[in-house]
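In the working numbering, the protein residues as written are 3 to 472.
The beta-carbon is built from N, C-alpha and C at its ideal position, and this holds for glycine as well.
First comes the structure, then the notes that go with it.
Take a look at the structure:
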């Protein structure tokens, strides 16, 4: 039995969903018989590039498109496994041969960005002077890797992911046709986890559709996909913002007990940060993006959650020694008066009274940022941009560093003495961007403190502290 994404693959341009900016111009040019000899289809995975390439290959030749058909004049090449110059030379030699059944010989080259430099050079010659009967349709998820000389000889069409509404309507129609009984909330989860990609979403729906003969619930979908509930993510966000280590500890235990992947937690937190445009949460994104790449993803997640946000107010009580009580003033002797009424001692003047005040705990000021910048992250971004323009060879030292903005002090943690010395050389360039009221401190230390490491050890169940390589 075919997978859902294959069964519901479009067979005409009219059936392609959410890509009207591509399908309408293509349909018009085919109808007029006015189209080029090379097309480049770009966009994220699973949005319909290969399907449109196949439809286009059939329609320019007037072939009826069926998923299982095979025409000798339509040749599909996977550039990921045919990257060499010899493969392209072979293509050039065969392209000269006239088509057998149709008017055009169509080459579909998928993931064209995977071709080697020499292969691109070999392909360029054919694109410059193509035989009249040859059409190239190339598809890629990474157009930045396609040489400009190739792109300039192609008609470029940009695909995009489907909107949530269009995708939800599409899979609801499929569920109705396939008689899949499932809650709308469960479908929303599938669409979100599919990343609004048609292929990925339908693959997930195919997987979920077999779990029950009864109505499939959102809870079942979350359990099957190993997803945390929305309330769990919301609570975890609040715990991070408040640096509630007890609540974070409980969340880590739940992740372990429920066998939820730290990658999934990191992905959900990133999604919420982007959707809400919460500056405090957005500052967490760089560390969360490293969770999946780390050999110890859970530890990396704990490090991220227990590192206070650079936008969070920092309240720090300064401990002081026992207060010193000012000595009481000496008593004033009053001589007896001749009058019946006693004479009251004159009240001490304000200047005579010691001005000692009982010491109070000092509270560190919250983070203050110049009105020129909305967040420390934006300030750091401007520093990086300035270094890129004026001292690009030094950029590596800045990218390897971390930063913290507290109490009008910008501390750059270089993580190494050599890095610190290199960054010191460019203090003047940093000062050009940083407001005058902010002091610049360059440290050879790491941002992660001993207290943070102690918190991580507690959250991970205590035991001996180990050095975690970030």
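Uninterrupted beta strand (DSSP E) stretches inside the region 46–86 (no shorter than 3 residues): With a minimum length of 3 residues, the continuous beta strand (DSSP E) runs that stay inside the region 46–86 are 76–80.
Ignore the nearest five residues each way along the sequence and tell me which others in residue 226's own chain have a CB closer than 7 Å to its CB. The answer, listed in chain order, is 210 and 213.
Only counting the same chain, and skipping five residues up and downstream in sequence, which positions put a Cβ closer than 6 Å to that of residue 435? Excluding positions up to five away in sequence, the list reads 384, 385 and 388.
How about residue 117 and residue 151: are their beta carbons less than 7 Å apart? Going by beta carbons, residue 117 and residue 151 fall outside the 7 Å limit.
Report yes if the C-beta of residue 444 is less than 6 Å from at least one heavy atom of the ligand NAD; otherwise report no. Ligands displayed in this structure: none; no statement on the ligand NAD is therefore possible.
Nearest-angstrom Cα distance between residue 16 and residue 190? The C-alpha of residue 190 is placed about 25 Å away from the C-alpha of residue 16.
Tell me which residues share the same chain as residue 417 and place their Cβ nearer than 6 Å to its Cβ, disregarding the 5 neighbours each side in the sequence. A distance below 6 Å between beta-carbons, with the five flanking residues on each side excluded, links residue 417 to the following residues of its chain, in chain order: 448.
Examine the Cβ distances between the region 37–48 and the region 69–81 and report whether three or more of them are shorter than 8 Å. Contact fails: fewer than three Cβ-Cβ distances are below 8 Å.
Any idea if residue 295 is buried or exposed, counting beta-carbon neighbours within 10 angstroms, 16 or more meaning buried? Within a 10 Å sphere around the beta-carbon of residue 295 sit fewer than 16 other beta-carbons, which makes this residue exposed.
Give every residue of the same chain whose Cβ lies closer than 7 Å to the Cβ of residue 169, excluding the five residues on either side of it in the sequence, and list them in chain order. Excluding residues within five positions, the ones whose Cβ falls inside 7 Å are 193, 198 and 203.
Would you kindly work out how many angstroms separate the C-alpha atoms of residue 71 and residue 188, rounded to a whole number? Their backbone Cα atoms lie some 35 Å apart in a straight line.
Buried/exposed call for residue 37, threshold 16 Cβ in 10 Å: By the 10 Å Cβ count, residue 37 comes out buried.
In this structure, how does DSSP classify residue 426 when only helix, strand and coil are distinguished? Residue 426: helix per DSSP, three-state reduction.
Going by other Cβ atoms of all chains shown within 10 Å of its Cβ, with 16 needed for buried, is residue 27 buried or exposed? Classification of residue 27: exposed, given that the 10 Å Cβ count is below 16.
Is residue 409 buried or exposed, if buried means 16 or more other CB atoms sit within 10 Å of its CB? For residue 409, the number of other beta carbons within 10 angstroms of its own is below 16, and it is reported as exposed.
CA-to-CA distance, residue 6 to residue 215, given in whole angstroms: Whole-angstrom Cα-Cα distance: 18 Å.
Return yes when the Cβ of residue 301 is within less than 7 Å of the Cβ of residue 286, no when it is not. No, they are not a contact pair.
With DSSP run on the structure shown, which of helix, strand or coil describes residue 406? Shown here, residue 406 sits in a strand according to DSSP, grouped into three states.
Using only CA atoms, which one of 130, 52 and 23 lies nearest to residue 40? A check of alpha carbon separations from residue 40 across 130, 52 and 23 identifies 130 as the nearest.
For residue 234 and residue 74, what's the separation of their Cα atoms in angstroms? One Cα belongs to residue 234, the other to residue 74, and the distance between them is close to 55 Å.
Looking only at its chain, what residues have a beta carbon closer than 6 Å to the beta carbon of residue 96, apart from the 5 residues adjacent to it on each side? Same-chain partners within the cutoff: there are none.
Whole angstroms are fine: how far does the CA of residue 255 sit from the CA of residue 109? Rounded to whole angstroms, residue 109 and residue 255 show a C-alpha spacing of 54 Å.
Can you give the Cα-Cα distance for residue 21 and residue 161, rounded to whole angstroms? Residue 21 and residue 161: Cα-Cα distance of roughly 6 Å.
Closer than 6 Å by C-beta to residue 138: which residues in its own chain qualify, once you throw out the five before and the five after it? Chain order, please. Hits under 6 Å: 40 and 109.
Quick check on the burial criterion: 16 or more other C-beta atoms within 10 angstroms. Buried or exposed for residue 400? It is buried - the Cβ of residue 400 has at least 16 other Cβ atoms within 10 Å.
Taking the Cβ atom as the reference point for each residue, do residue 55 and residue 164 lie within a distance shorter than 7 Å? Not in contact: residue 55 and residue 164 (Cβ atoms no closer than 7 Å).
Starting from residue 160, trace the beta strand (DSSP E) both ways and give me its first and last residue. Taken as a continuous stretch (DSSP letters only), the beta strand (DSSP E) holding residue 160 covers 157–160.
For residue 185, three-class secondary structure by DSSP: Three-state DSSP puts residue 185 in coil, outside helix and strand.
Could you have a look at residue 112 and say whether DSSP puts it in helix, strand or coil? Strand, per DSSP.
Can you tell me which residues form a DSSP beta bridge with residue 413? In DSSP, residue 413 forms a bridge with 406 and 443.
Using only the alpha-carbon positions, how far apart do residue 205 and residue 251 sit? Rounded to whole angstroms, residue 205 to residue 251 spans 35 Å at the Cα level.
Whole-angstrom C-beta distance between residue 135 and residue 101, which should lie under 8 Å: Between the beta-carbon of residue 101 and that of residue 135 there is about 6 Å, and that keeps the pair under the 8 Å contact cut.
Taking the Cβ atom as the reference point for each residue, do residue 156 and residue 42 lie within a distance shorter than 7 Å? Residue 156 is a Cβ neighbour of residue 42, given a cutoff of 7 Å.
For residue 407 and chain C, any beta-carbon pair shorter than 7 Å? Chain labels in this structure do not include chain C; a single protein chain is all it has.
Local conformation of residue 293 per DSSP, three classes: Of the three classes helix, strand and coil, the one that applies to residue 293 here is coil, per DSSP.
Going by C-alpha to C-alpha distance, which of 247, 201 and 182 sits closest to residue 218? Closest by alpha carbon: 182.
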